[in-house]
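In the order they appear, the protein sequences are chains A and B. For the first sequence, the numbering used here assigns the number 106 to the initial residue and increments by one for each residue that follows. For the second sequence, the numbering used here assigns the number 479 to the initial residue and increments by one for each residue that follows. Even glycine gets a Cβ: it sits at the ideal position worked out from N, Cα and C. Since the structure is predicted, the reported quantities are computational estimates derived from the model, not experimental observations.
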Amino acid sequence: MLHRIRDSVLGVLVASTFATMAAAAPSQLSIMAPAAPGGGYDQTARSIQSVLQESKTVPNVQVTNVPGAGGAVGLAQFANNAKGDATQLIVGGYVMVGALIANKSPVTLDNVTPLARLTGESDAIVVPVNSPLKTMEDLVKALKADPGKVSWAGGSAGGVDHIAVGLIAKKVGVDPTKINYVPYSGGGEALAAILGGQVTAGISGVSEFEGQVAAGKLRLLAITGGKRLPNVNAPTLKESGVDVEVENWRMVAAAPGITAAQKADLLSTIETMVKSEGWKKILTSKNWADSYLAGDAFATYLKNQTADTTQVLKDIGVLK
Amino acid sequence: METFQFLAQGLSVALQLDNLLFGLVGVTLGTAVGVLPGIGPALTVALLLPITFKLDPAGSLIMFAGIYYGSMYGGSTTSILLNAPGESASVVTALEGNKMARVGRGGPALATAAIGSFVAGTIATIGLALLAPWVVEFALAMGPGEYFALMVLAFATVSAAFGDSTLRGLTALFLGLTLGLVGIDLQSGQARLSFGMPDLFDGIEVTTVAVALFAVGETLFIACGGDRTQETITPVKGSLWMSREDWKRSWKPWLRGTIIGFPIGAMPAGGAEIGTFLSYATEKQLAKNPEEFGHGAIEGVAGPEAANNASAAGTLVPLLTLGLPTSATAAIMLAGFQQYGLQPGPLLFVNRPELVWGLIASLFIANIMLLVLNLPLIGLWVRVLAIPRPWLYGGILTFATLGTLGANPSLVELGMLLLFGLMGYGLRRFGYPIAPVVVGLILGPLAEQQLRRALSISQGDPMILFGSPMAVIMLSIALIATFGPLLWRLFKPEGAPSSLAGNED
């Protein structure tokens with residue numbers, strides 16, 4: 106009894122994070138980034154690696170890259186090879202959810218053990234600074250008047266940007282199949298088209314447009330996230346009268362077939378990481394919002410996201 | 479002038495001992511990854527990013543730029559000596575460069591590539607320092623209509639790489655176009671020709687095809703004794719160095735290659751390859767002895783090599799002035815800027831001038847380092863050709879496989895390497911040219927995207943394709959390039975130059 110009291114006091118003293126970590130963290134982890142080096146999944150995986158290693162939470166963390174099909178190739182490989190291995194993790198996110206549905210992938214997130222949502226990146230809707238459209242309301246008005254005339258530059262077809270435009274159209278009562286969405290292979294190319302005045306509006310991650318907005322070349326009409334961002338002077342879509350909330354979130358999942366105890370250990374390791382100073386520093390430097398959501402709450406969220414996304418992809422005509 | 483004052487300031491940053499060291503590490507690494515087929519600068523920089531996190535921004539950005547420039551130098555080496563381009567931007571170099579190497583002129587070919595890269599890199603870096611704001615304006619004015627015109631122009635000039643049979647050349651080109659269709663269609667999100675294999679959803683990697691068709695195909699061809707003539711490769715004949723004649727024939731292509739490569743590199747959807755295609759076609763058109771093309775014309779090495787280095791500098795124009803990454807390497811360098819909390823764009827020049835100008839100044843220094851590094855190596859490189867053939871080709875096969883697997887460790891990728899290697903063998907065996915396959919694979923998807931994008935924006939009105947003077951000019955040049963020679967032949971039947979371009983392999 107005394108033993109236990111002393112332990113719990115110690116636990117409180119040493120801060121709960123340290124106690125859970127010391128009990129549970131594995132000595133090594135291997136994280137798969139289902140994308141080429143440099144992209145969002147890769148950066149997420151390598152951020153997890155550096156925080157876990159530097160804080161000595163997990164001494165040995167390795168990152169492997171398996172690119173292909175928006176993450177579907179890596180996920181399939183992970184689901185097959187990592188079965189029951191609690192030292193392997195995979196990074197994923199909203200893009201992967203969309204890609205798995207759109208490509209009718211036989212392997213889905215049901216085939217792995219999702220742990221937690223970690224970060225979220227809001228999209229920004231911009232127009233060139235000399236555009237007659239001054240606010241989100243103006244853009245919605247133009248969209249209602251003639252959806253074909255409003256061309257949107259953004260990322261790949263069926264990706265987060267495309268989904269956001271589809272949702273906006275649907276919410277304001279415009280047929281989502283009528284939107285004139287022009288996909289570009291990367292944020293950079295889309296940015297060039299917007300700056301060059303080739304399209305009416307642009308939609309992509311906030312960080313893609315930040316420099317141009319600050320330099321006064323682009324006007325930021327709204328962000329798609331649920332909350333305003335600290336360094337960004339723009340309303341959310343909801344504040345602009347469009348009841349849509351979209352965030353490009355990223356998550357981490359464990360292998361299929363691990364035990365409940367192993368899952369609990371991994372969850373506590375992730376929680377230790379998310380609460381560390383090192384992780385907060387990385388979030389700030391990369392402009393990622395902390396959207397930590399773990400365990401069962403995350404599983405429910407994932408289920409809803411999958412159902413919603415399937416519907417949107419049908420609405421915008423990507424999923425036939 | 480303000481610019482020169484900034485540049486002098488930049489030089490003082492770049493000449494600091496540790497920054498010089500970072501530059502040297504960068505160019506050496508870059509040359510190495512350029513030489514190894516399959517591994518490109520984008521992958522190298524991406525893998526180094528987490529390591530450089532703790533270094534100071536100036537040093538690591540200087541190193542990244544060094545890798546980028548270095549890989550453009552190194553890519554030509556295997557193209558010329560082994561007919562195995564390490565990068566898609568040096569595919570064209572193999573056409574003439576390898577022919578030169580086979581007759582003992584590998585030395586001059588490597589030298590004109592190295593000096594051409596130096597000349598182009600230096601001029602283009604001056605262009606970056608002085609003209610960046612104007613070049614960017616020009617690049618931004620390029621809409622999908624103008625890009626489509628540029629692609630049409632590039633297609634019209636592809637025939638320069640066809641060899642002696644237009645039919646065979648077109649067959650090879652269409653093979654490439656078909657391969658370009660594989661994968662998820664960017665405009666509609668639907669998968670095409672991928673037969674339900676997720677590995678094919680992202681399309682077929684150009685580097686894999688280039689390495690397979692050239693390096694693996696060549697190896698199989700030699701191993702199968704297809705080369706029954708027992709052609710002897712002369713490692714060195716005559717001077718290792720460029721003759722007076724070589725200099726005379728090289729300097730204009732260097733300059734023209736720079737002029738072509740720099741703006742195309744700066745275009746958000748340009749890319750290094752298109753510049754090399756256009757430069758090769760231009761040199762063939764302008765050459766005094768066009769019949770030498772296909773048999774080792776030095777102009778065909780000098781021009782494209784200058785073009786690919788100039789385009790590397792061109793890529794930095796939109797990256798530094800707008801924060802626009804226009805190539806895979808630039809995209810990863812952007813991530814590098816961001817990890818230091820720097821946002822490239824109009825404000826970077828104002829907020830952190832010492833960094834930007836330090837970077838630009840270090841590009842000059844990197845160029846000089848590369849020249850110093852590469853010229854003495856030529857003597858060593860050409861000795862590679864003295865290695866007995868079975869060993870040499872065994873080595874090529876090993877490096878090609880390692881490089882491809884290093885870039886993407888997947889069995890499917892390895893399978894594709896072998897499959898396309900067999901295809902490369904078949905093409906050689908039956909006398910089809912190789913380069914048009916790669917050209918089709920690169921240009922096809924680009925042209926399709928731009929055309930469909932343009933028509934989407936105009937809501938189906940085809941006039942958008944002729945909507946600007948720039949587009950009309952490029953389309954006109956394409957028209958002349960396609961039908962000009964035909965008309966020429968019609969009106970001068972007896973003096974028609976017979977196409978002497980040889981069997982290219």
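(1) Grab me the residues of residue 660(B)'s own chain with a C-beta within less than 8 Å of its C-beta, minus the 5 sequence neighbours each way, in chain order.
(2) Under a CB-based cut-off of 8 Å, is residue 237(A) close to chain B?
(3) Count the CB pairs spanning the segment 519 to 538 of chain B and the segment 574 to 581 of chain B that are closer than 8 Å, and state whether there are at least three.
(4) Check whether the segment 606 to 619 of chain B touches the segment 916 to 927 of chain B, taking contact to mean three or more Cβ pairs, one atom from each stretch, closer than 8 Å.
(5) Which residue or residues does DSSP assign as beta-bridge partners of residue 256(A)?
(6) Looking at residue 481(B) and residue 423(B), is the spacing between their C-beta atoms short of 8 Å?
(7) Any beta carbon from chain A within less than 8 Å of residue 669(B)'s own beta carbon?
(8) Can you give me the Cβ contacts of residue 163(A) inside the same chain, cut-off strictly under 8 Å, excluding the 5 residues immediately before and after it?
(9) Strictly below 8 Å CB to CB, what residues from chain B border residue 148(A)?
(10) Flag residue 852(B) as yes if its beta-carbon sits less than 8 Å from any beta-carbon of chain A, otherwise no.
(11) Does DSSP put residue 592(B) in a helix, in a strand, or in coil?
(12) For a test of the three-state rule: what should DSSP assign to residue 397(A), helix, strand or coil?
(13) My parser needs the alpha helix (DSSP H) runs of 4 or more residues fully inside the segment 180 to 209 of chain A; what are they?
(14) Looking at residue 862(B) and residue 588(B), is the spacing between their C-beta atoms short of 8 Å?
(15) For the segment 793 to 844 of chain B, which segments carrying the alpha helix (DSSP H) assignment without a break, of at least 4 residues, lie completely within its bounds, in sequence order?
(16) For residue 487(B), does the three-state DSSP call read helix, strand or coil?
(17) Enumerated in chain order, which unbroken segments of the alpha helix (DSSP H) with a length of 4 residues or greater are wholly contained in the segment 322 to 357 of chain A?
(18) Consider the Cβ of residue 336(A): report whether some Cβ of chain B lies at a distance smaller than 8 Å.
(19) Counting only runs of 3+ residues fully inside the segment 726 to 802 of chain B, write out the beta strand (DSSP E) ranges in chain order.
(20) Could you check whether residue 911(B) and residue 695(B) sit closer than 8 Å to each other, using their CB atoms as the reference points?
(21) Going by DSSP in three states, residue 707(B) sits in which element: helix, strand or coil?
(22) Suppose the cutoff is 8 Å on Cβ atoms and the five residues either side in sequence are ignored; what does the same chain contact list for residue 252(A) look like?
(23) Of the residues 405(A), 181(A), 380(A), which one's Cα is nearest the Cα of residue 395(A)?
(24) Under the assumption that residue 913(B) contacts residue 630(B) (Cβ atoms under 8 Å), give the Cβ distance between them as a whole number of angstroms.
(25) Could you have a look at residue 421(A) and say whether DSSP puts it in helix, strand or coil?
(26) Would a C-beta distance cut-off of 8 Å place residue 916(B) and residue 687(B) closer than the cut-off?
(27) Are there three or more Cβ pairs, one per stretch, closer than 8 Å when the segment 542 to 554 of chain B is compared with the segment 715 to 730 of chain B?
(28) What does a CB cutoff of less than 8 Å around residue 662(B) pick up in its chain, not counting 5 residues either side in sequence?
(29) Which of helix, strand or coil does DSSP assign to residue 868(B)?
(30) What's the call for residue 967(B), buried or exposed, on a 16-neighbour Cβ count within 10 Å?
(31) Based on DSSP bridge pairs, tell me the residues matched to residue 226(A).
(32) Tell me whether residue 596(B) is buried or exposed, calling it buried when 16 or more other Cβ atoms sit within 10 Å of its Cβ.
(33) Name the two residues that bound the continuous alpha helix (DSSP H) containing residue 374(A).
(34) When DSSP builds the beta bridges, which residues end up paired with residue 670(B)?
(35) Alpha carbons only, please: which of 779(B), 725(B), 525(B), 483(B) is nearest the one belonging to residue 508(B)?
(36) Cutting at 6 Å between CB atoms, please list the residues of its own chain near residue 815(B), excluding the five before and the five after it.
In terms of the structure at hand:
(1) 670, 671, 672, 678, 681, 682
(2) no
(3) no
(4) no
(5) 285(A)
(6) Chain B is shown only over 479 to 983; residue 423(B) falls outside these bounds and no answer can be derived.
(7) yes
(8) 130, 131, 132, 133, 134, 157, 374
(9) 813
(10) no
(11) helix
(12) strand
(13) 199 to 207
(14) no
(15) 806 to 817, 824 to 829
(16) helix
(17) none
(18) no
(19) none
(20) no
(21) Summary for residue 707(B): the model assigns pLDDT 49, below 50, so the residue's position carries little reliability; its value from the coordinates is reported in the next sentence. Of the three classes helix, strand and coil, the one that applies to residue 707(B) here is coil, per DSSP.
(22) 274, 279, 280, 283, 284, 285
(23) 380(A)
(24) The pair is not a contact, with the Cβ atoms about 19 Å apart (cut-off 8 Å).
(25) coil
(26) yes
(27) no
(28) 668, 669, 670, 672, 679, 680, 681
(29) helix
(30) exposed
(31) 353(A)
(32) buried
(33) 365 to 379
(34) 661(B)
(35) 525(B)
(36) 822
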